[in-house]
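Peer 1: With the working numbering applied, the sequence shown covers 6 to 148. Quick reminder that beta carbons are idealized off the backbone N, C-alpha and C, glycines included. In this text, all values refer to a predicted model and were calculated from it rather than measured experimentally. I'd like to ask some things about the structure below.
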Amino acid sequence: MLHIVTHSPAETEEFAQQIAERLRPGDVIAYRGGMGMGKTAFTRGLARGLGLQDDVCSPTFSLVNEYRGKNGITLCHFDMYRVTSWEDLYSTGFFDYLDGENILAIEWSENVPEALDHPIVITIAPGQEESWREITVEGGDRF
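Below is the structure:
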């Protein structure tokens, strides 16, 4: 388990870049944390750490954003906020992404826990100051 306190969105992204170095195709990241905690900022850092050049934005309305790198890595960023049933989950195409070739980052993973097999869990909680975040990374033999 890793635990860190970041003091700005930029520090959160920097920490995520370091986490990205340990990721492999097939990894599933389950974010835990409320609205505005920095899940998308963390994903932006992951993308940068994976060598992806795309502008990362929240998949709130699209449900999933794919970021493909020239190095063959694809980061799939899901938002499960509105997913409340298995039918909803199937409609996102989620299961098509579980082919072992992609890295999945899932916001609001609390809504689909039964669909996630041994994820890397990243919990982002408020810190002592408004811009601070307490981040915990758990799962797998790498964290």
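1. With DSSP as the reference, please indicate the residues paired to R138 in a beta bridge.
2. Would K44 be called buried (16 or more neighbouring beta carbons within 10 Å of its own) or exposed?
3. Classify N70: buried if its beta carbon has 16 or more other beta carbons within 10 angstroms, exposed otherwise.
4. How would you write the range of the beta strand (DSSP E) that A101 sits in, first residue to last?
5. Which residue spans inside the segment 40-127 form an unbroken beta strand (DSSP E) run of at least 3?
6. Give a yes or no on whether the C-beta atoms belonging to N107 and T79 are separated by under 8 Å.
7. Nearest by alpha-carbon distance to E112: which of G105, D104 and L121 is it?
Peer 2: Quick answer:
1. T11 and P131
2. buried
3. buried
4. Note that residue 101 corresponds to Asp in the displayed sequence, not to Ala. Note, D101: premise wrong, no beta strand (DSSP E); not H, not E.
5. Taking only runs of at least 3 residues, the beta strand (DSSP E) segments lying wholly in the segment 40-127 are 69-73, 79-84 and 107-112.
6. yes
7. Checked all of G105, D104 and L121; the closest Cα to E112 is L121.
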